[in-house]
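**Q**
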Amino acid sequence: MHSIRILHTDNGREYVNKVFKEYLDKEGIVHELTAPYSPEQNGRAERENRTIVESARSMLYARDVPLELWAEAVSCAVYILNRTSSSQTPGKTPYELWNGIKPQLGHLKVFGSVGYVHVPDQLRTKLEKKSKKMMLVGYDNTNYRMYDVNNKSIKISRNVIFDEHQTPAIRKNINQICITDENEDKIQNDETEARNVDETLMETVALQSDDSLLSCNSDDPTYEPSQEIEDVPQCNINLRPRNNRRFEATLVELSLPQTYDEAIQSPQKNEWSQAIREELSAHEENNTWSAVTRAGQRTLTTKWVFAIKKNEDNQTRYKARLCARGFTQIKDVDYQEIFSPTTRYDSIRIILSIAAKYKLENQQFDVKTAFLNGYLEENIFLEVPEGVILDKSYVLKLNKSLYGLKHASRCWNKRFTEFLMKYGFVQSQAGNCIFIGVFNKIKVILIIYVDDALVISSSKQLIQEIIEYLKQAFKIKVMPLRYFVGMEIERINNCIHIHQRDYIKQIIERFCMTNATLTSTPADVNVIMTKNEDENIINFPYRELIGSLLFLCSVSRPDISFAVNVLSRYVNNPSQQHVNAVKRIVRYLINTKDLCIKYGESDGLICYSDSDYASDVDTRKSTTGNIFMMNGGPITWSSQKQKTIALSTTEAEFVAACEAAKEMIWLRQLMLDLGENCKCVTMFIDNQSAIKLINNPIYHKRTKHIDVKYYFIREKVELGMIKINYVPSKDQLADILTKALPTQTFIYIRDQIIS
Numbered sequence: 001m002h003s004i005r006i007l008h009t010d011n012g013r014e015y016v017n018k019v020f021k022e023y024l025d026k027e028g029i030v031h032e033l034t035a036p037y038s039p040e041q042n043g044r045a046e047r048e049n050r051t052i053v054e055s056a057r058s059m060l061y062a063r064d065v066p067l068e069l070w071a072e073a074v075s076c077a078v079y080i081l082n083r084t085s086s087s088q089t090p091g092k093t094p095y096e097l098w099n100g101i102k103p104q105l106g107h108l109k110v111f112g113s114v115g116y117v118h119v120p121d122q123l124r125t126k127l128e129k130k131s132k133k134m135m136l137v138g139y140d141n142t143n144y145r146m147y148d149v150n151n152k153s154i155k156i157s158r159n160v161i162f163d164e165h166q167t168p169a170i171r172k173n174i175n176q177i178c179i180t181d182e183n184e185d186k187i188q189n190d191e192t193e194a195r196n197v198d199e200t201l202m203e204t205v206a207l208q209s210d211d212s213l214l215s216c217n218s219d220d221p222t223y224e225p226s227q228e229i230e231d232v233p234q235c236n237i238n239l240r241p242r243n244n245r246r247f248e249a250t251l252v253e254l255s256l257p258q259t260y261d262e263a264i265q266s267p268q269k270n271e272w273s274q275a276i277r278e279e280l281s282a283h284e285e286n287n288t289w290s291a292v293t294r295a296g297q298r299t300l301t302t303k304w305v306f307a308i309k310k311n312e313d314n315q316t317r318y319k320a321r322l323c324a325r326g327f328t329q330i331k332d333v334d335y336q337e338i339f340s341p342t343t344r345y346d347s348i349r350i351i352l353s354i355a356a357k358y359k360l361e362n363q364q365f366d367v368k369t370a371f372l373n374g375y376l377e378e379n380i381f382l383e384v385p386e387g388v389i390l391d392k393s394y395v396l397k398l399n400k401s402l403y404g405l406k407h408a409s410r411c412w413n414k415r416f417t418e419f420l421m422k423y424g425f426v427q428s429q430a431g432n433c434i435f436i437g438v439f440n441k442i443k444v445i446l447i448i449y450v451d452d453a454l455v456i457s458s459s460k461q462l463i464q465e466i467i468e469y470l471k472q473a474f475k476i477k478v479m480p481l482r483y484f485v486g487m488e489i490e491r492i493n494n495c496i497h498i499h500q501r502d503y504i505k506q507i508i509e510r511f512c513m514t515n516a517t518l519t520s521t522p523a524d525v526n527v528i529m530t531k532n533e534d535e536n537i538i539n540f541p542y543r544e545l546i547g548s549l550l551f552l553c554s555v556s557r558p559d560i561s562f563a564v565n566v567l568s569r570y571v572n573n574p575s576q577q578h579v580n581a582v583k584r585i586v587r588y589l590i591n592t593k594d595l596c597i598k599y600g601e602s603d604g605l606i607c608y609s610d611s612d613y614a615s616d617v618d619t620r621k622s623t624t625g626n627i628f629m630m631n632g633g634p635i636t637w638s639s640q641k642q643k644t645i646a647l648s649t650t651e652a653e654f655v656a657a658c659e660a661a662k663e664m665i666w667l668r669q670l671m672l673d674l675g676e677n678c679k680c681v682t683m684f685i686d687n688q689s690a691i692k693l694i695n696n697p698i699y700h701k702r703t704k705h706i707d708v709k710y711y712f713i714r715e716k717v718e719l720g721m722i723k724i725n726y727v728p729s730k731d732q733l734a735d736i737l738t739k740a741l742p743t744q745t746f747i748y749i750r751d752q753i754i755s
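The UniProt record's numbering applies: residue 1 is where the sequence shown begins, and numbers increase by one.
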């Protein structure tokens, strides 16, 4: 054994204390300290710390292990590094140098792997499972440290069977862990909600849902596509246990392979092999690539992406998609521009409101494997993908775009646009993904969101003719209009209803709030949100929940926009106050998940604009809220903090009205493109001084500091594009977007917006 003579450390309290000093004196160890704030004097130890931390970080993120297990990862990293040789001690590990014997390595497994821990007979009944699914987080001598996801505890066991390939199922469970207090949701309902809760409280390419996959070909006789992929023999299973020390593992959900090798070696290798064959056959059919002789071309590599999906009959489908590693592309060599336009949800709602107003026919469709239809302007070459039998002297030249390329979406959008314009469609000036055509005096509107499209017209026959035209070049799947880019759409009594009931249910289940107490408003009028100065980390998926709610409020729920907007300011360092507030929004959604936007009347476009003066206590900036109503329902809305500090309520209202005017200009252009009469839009404001300031261009010393850009609204009023009217505060619909309101006031305004 070795003895320590000199210990060189920094001035950490773990080293500089009376007990430790007495121990060092007793053992005769000299203690050398670095100068304060001089880590470079202890460079060797600091560098070793970096090695340990980087190893732990890699282990955590490689298997998506929760960050709260960082201490286990660090301990495991040290355990492994002590059994790893280095250039300074070639052929020998620190463990061997210290103990004089070689370490045993046969028990090492991949950190974060699934393990099935044997449950002793004494701890279970006769019919209970013999094993429990856990996750490997470290070692205790030759035993394993296993993390129980359900009760968040560490178990030490030597009887473990590992599945080192299975991590997605564990990752899924870990990402959805909710740390909740069972008493937290037992908050009294509306009568006691006035209490201040301060005190208590789209790079993996997604597989599309198509039924078949398009794509590839080569004229070279040596190119053999997916039919030549190796046939994987069926595995034989011996039902007799090989020894009495084996124990049964519970049947677990299917996990997704991360690589081609994992797929063809997994228990579902036959299914994955068939999915790979189908993908390669589709590429052959689509003529995606051609085999050419290797001649020093710059090449990209590929990656297989796998997914398991359920069809309408609840049958499991195995899907494989071949993707290029686009992150290795070089600008101006492999691509020029990558921007591809997409449709705003505002545009979709406007078109649906027009369809409801005129009772138009509609048809939804999606283009299967859309990105494989784009034409490339650059010469791009691929290394031969795994699963394709081809001599190494060949590479694949892409004839069409491929999923994973940086500009694949742009190539697809350009191809689809050119094809529509050839038929006679014209692009809207207000949106590059909106197309308008008039054929035999019948108007058709088509809107596309990546590969999902919606067509509306008064003629069902004309819609069918357009779809048949598109089928000449693309594989089209036609379906009724029920789900469109995250919206749930229903047509009842000639009215169109938009909601996200299923999405709300997913949020409730994902964040473990199924049994939470209900509430009638999304925000408490007595709670003022402030920045969290405490550095304590809240163990709650706050950012994930805010992201889910932002999508919801931007699509179909303007009633939660203000509450979500305020709480989104604190995602970097949320406090318990913020967590309780965001949970309140979910509790409100549980109570109101059936609310929807309804279109069906024949109202023109009107706007409500409002502000809440100096409402942000951290910055003293005001909040802007505006909402545009048309044909019985809201088509666009906004709740956001103003960029400058207003010096009065009048100025705050003036700035808010200008922001609404800018949105109105875009809406007006889109309405004109769609053939709707929109010469003048009425804007309702509840501040008389702001109305006078907008209508009266006379210079005033109290407004001379207001930025010139905000006088934009005056110009539009003078041109007759906007008409300003007064509305009492009790009827100001935008009030719901600027502040938390009492229950009765909130419900009164909300019911005029959504129903």
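In this text, a Cβ means the ideal position worked out from N, Cα and C, and glycines have one as well.
I'd like to know if the segment 476-486 and the segment 576-591 are in contact, where contact means that at least 3 CB-CB pairs between them fall below 8 Å.
**A** No contact exists between the segment 476-486 and the segment 576-591.
**Q** So, does the segment 296-308 touch the segment 368-381, judging by three or more C-beta pairs under 8 Å?
**A** They touch, by the three-pair rule.
**Q** Count the other C-beta atoms from every protein chain shown that fall within 10 angstroms of the C-beta of Gln329, then say buried if there are 16 or more, exposed otherwise.
**A** The residue you call residue 329 lines up with position 329 of the sequence shown. Under this definition Gln329 is a buried residue.
**Q** What residues in its chain sit with their C-beta under 7 Å from that of Glu164, if we drop five residues either side in the sequence?
**A** The sequence position of residue 164 within the sequence shown is 164, counting from 1. If we look at Glu164 and ignore the five residues flanking it on each side, its Cβ neighbours are Lys109, Val110, Ser113.
**Q** Output the boundary residues of the beta strand (DSSP E) element that contains Pro634.
**A** Sequence index remark: in the sequence shown, residue 634 carries index 634 (1-based). Counting along the chain, the beta strand (DSSP E) containing Pro634 begins and ends at 633-641.
**Q** Take Ile528 and list the residues in its own chain whose beta-carbon comes closer than 7 Å to its own, dropping the five residues that flank it on each side.
**A** Position 528 of the sequence shown holds residue 528. If we look at Ile528 and ignore the five residues flanking it on each side, its Cβ neighbours are Val617.
**Q** Considering only DSSP beta bridges, list what Val30 is partnered with.
**A** Here residue 30 corresponds to residue number 30 of the sequence shown, with the count starting at 1. Looking at the DSSP assignment, Val30 forms a beta bridge with Ile6.
**Q** Which residue wins for smallest C-alpha separation from Pro574, given the options Ser556, Leu549, Gly138, Glu535?
**A** Here residue 574 corresponds to residue number 574 of the sequence shown, with the count starting at 1. The shortest C-alpha separation from Pro574 is found at Glu535.
**Q** Within a Cβ cutoff of 8 Å, which residues of the same chain sit near Ile156, ignoring the five residues on either side of it in sequence?
**A** Within the sequence shown, the letter at position 156 stands for residue 156. The answer, listed in chain order, is Asp140, Asn143, Tyr144, Arg145, Met146.
**Q** I'd like to know if the segment 421-440 and the segment 487-507 are in contact, where contact means that at least 3 CB-CB pairs between them fall below 8 Å.
**A** With a cut-off of 8 Å, the segment 487-507 and the segment 421-440 do not count as touching, because too few Cβ pairs lie within range.
**Q** Report the residue from Asp673, Val78, Glu68 whose alpha carbon sits nearest the alpha carbon of Val149.
**A** Translated into positions along the sequence shown, residue 149 becomes position 149. Answer by Cα proximity: Glu68.
**Q** Give a yes or no on whether the C-beta atoms belonging to Ser639 and Asn687 are separated by under 8 Å.
**A** The sequence position of residue 639 within the sequence shown is 639, counting from 1. The sequence position of residue 687 within the sequence shown is 687, counting from 1. For Ser639 and Asn687, no; Cβs fall outside 8 Å.
**Q** By Cβ distance below 6 Å, which residues in the same chain neighbour Thr624 in space, the five residues on each side in sequence not counted?
**A** Position 624 of the sequence shown, counted from the first residue, corresponds to residue 624. Excluding sequence neighbours, Thr624 sits near Ser611, Gln640, Gln642, Ala656, Glu659.
**Q** Residue range of the alpha helix (DSSP H) that Leu81 falls in?
**A** As a position in the sequence shown, residue 81 is number 81, starting the count at 1. Taken as a continuous stretch (DSSP letters only), the alpha helix (DSSP H) holding Leu81 covers 70-81.
**Q** Go through its chain and collect everything with a Cβ distance to Thr342's Cβ below 7 Å, but skip five positions before and after it.
**A** Along the sequence shown, one-based indexing puts residue 342 at 342. Counting only Cβ-Cβ distances below 7 Å, and skipping sequence neighbours, we find Cys433, Tyr449, Val450.
**Q** Does the distance from the C-beta atom of Phe339 to that of Arg415 stay below 8 Å?
**A** Here the question's residue 339 lines up with position 339 in the sequence shown. Here the question's residue 415 lines up with position 415 in the sequence shown. Result no, Cβ atoms of Phe339 and Arg415 do not sit closer than 8 Å.
**Q** DSSP puts Met629 in a beta bridge; with which residues?
**A** Position 629 of the sequence shown holds residue 629. DSSP, once it has assigned bridges, lists Ile606, Pro634 as partnering Met629.
**Q** What separation, rounded to the nearest whole angstrom, lies between the Cα atoms of Gln234 and Leu256?
**A** In the sequence shown, counting from the first residue as 1, residue 234 sits at position 234. In the sequence shown, counting from the first residue as 1, residue 256 sits at position 256. Any reading at Gln234 must be qualified, since the residue scores a pLDDT of 33, below 50, and its modelled position is unreliable; the value itself is stated next. In a straight line, the C-alpha of Gln234 is about 19 Å away from that of Leu256.
**Q** Ignore the nearest five residues each way along the sequence and tell me which others in Lys471's own chain have a CB closer than 7 Å to its CB.
**A** Here residue 471 corresponds to residue number 471 of the sequence shown, with the count starting at 1. Counting only Cβ-Cβ distances below 7 Å, and skipping sequence neighbours, we find nothing.
**Q** If Gln752 and Phe684 are in contact, beta carbons under 8 Å, what's the gap, nearest whole angstrom?
**A** For this step, residue 752 is matched to residue 752 along the sequence shown. For this step, residue 684 is matched to residue 684 along the sequence shown. 12 Å between Cβ atoms; not a contact.
**Q** Which of the three DSSP states is assigned to Glu128 in this structure?
**A** Position 128 of the sequence shown, counted from the first residue, corresponds to residue 128. If DSSP states are grouped into helix, strand and coil, Glu128 belongs with coil.
**Q** What three-state label does DSSP hand Pro221 in the structure shown?
**A** What you label residue 221 is simply residue 221 of the sequence shown in a count that begins at 1. Legend: pLDDT at Pro221 = 37, less than 50; position of this residue unreliable, value from coordinates given subsequently. Coil.
**Q** Do Lys319 and Lys309 have their CB atoms nearer than 8 Å?
**A** Locating residue 319 in the sequence shown gives position 319, counting from the first residue. Locating residue 309 in the sequence shown gives position 309, counting from the first residue. The answer is yes: Cβ separation under 8 Å.
**Q** For Arg145, report the span of its alpha helix (DSSP H) as first-last.
**A** Position 145 of the sequence shown, counted from the first residue, corresponds to residue 145. No alpha helix (DSSP H) contains Arg145, which is instead part of the beta strand (DSSP E) from 143-148.
**Q** Check whether the Cβ atoms of Phe371 and Trp304 lie closer than 8 Å to each other.
**A** Start at 1 with the first residue of the sequence shown, and residue 371 comes out as number 371. Start at 1 with the first residue of the sequence shown, and residue 304 comes out as number 304. No, Cβ-Cβ distance for Phe371 and Trp304 is not below 8 Å.
**Q** By DSSP's criteria, Tyr394 is part of a beta bridge. Which residues make up the other side?
**A** Position 394 of the sequence shown holds residue 394. Answer is Thr293, bridged to Tyr394.
**Q** Looking only at DSSP bridge pairs, what is Met683 linked to?
**A** The residue labelled residue 683 in the question sits at position 683 within the sequence shown. Met683 is bridged to Cys607, Ile724.
**Q** Quick check on Thr619: buried or exposed, where buried means 16 or more other Cβ atoms within 10 Å of its Cβ?
**A** By one-based count along the sequence shown, residue 619 stands at place 619. The residue in question, Thr619, is exposed, as its Cβ has fewer than 16 Cβ neighbours within 10 Å.
**Q** So, for Ala740: in the same chain, excluding its five sequence neighbours on each side, which residues have a beta-carbon less than 6 Å away from its beta-carbon?
**A** Position 740 of the sequence shown, counted from the start, is the residue given in the question as residue 740. Counting only Cβ-Cβ distances below 6 Å, and skipping sequence neighbours, we find Ala523, Val525.
**Q** Mind checking who Thr299 pairs with in its DSSP beta bridge?
**A** Counting from 1 along the sequence shown, the entry for residue 299 is found at position 299. Thr299 is bridged to Phe381.
**Q** Give the single residue among Arg557, Leu446, Ile590, Ala453 whose Cα lies nearest to the Cα of Cys512.
**A** By 1-based counting over the sequence shown, the position of residue 512 is 512. Out of Arg557, Leu446, Ile590, Ala453, Ile590 has the C-alpha closest to the C-alpha of Cys512.
**Q** State the beta-bridge partners of Asp163 as determined by DSSP.
**A** For the purposes of this step, residue 163 is taken as the residue at position 163 of the sequence shown. Per DSSP, Val114.
**Q** Between the alpha carbons of Ser273 and Met135, how many angstroms are there, rounded?
**A** In the sequence shown, the residue the question calls residue 273 occupies position 273. In the sequence shown, the residue the question calls residue 135 occupies position 135. Taking the straight line from one Cα to the other gives about 28 Å.
**Q** Out of curiosity, what's the CA-to-CA distance linking Gln464 and Ala282?
**A** Mapped onto the sequence shown, residue 464 falls at position 464. Mapped onto the sequence shown, residue 282 falls at position 282. Their backbone Cα atoms lie some 26 Å apart in a straight line.
**Q** To test your reading of the DSSP string, which unbroken alpha helix (DSSP H) runs of 4 or more residues are found completely within the segment 337-385?
**A** Fully enclosed alpha helix (DSSP H) runs of 4 or longer: 345-358.
**Q** If you follow the alpha helix (DSSP H) that Phe551 is part of, which residue opens it and which one closes it?
**A** Taking the sequence shown and counting its residues from 1, one reaches residue 551 at position 551. Taken as a continuous stretch (DSSP letters only), the alpha helix (DSSP H) holding Phe551 covers 542-555.
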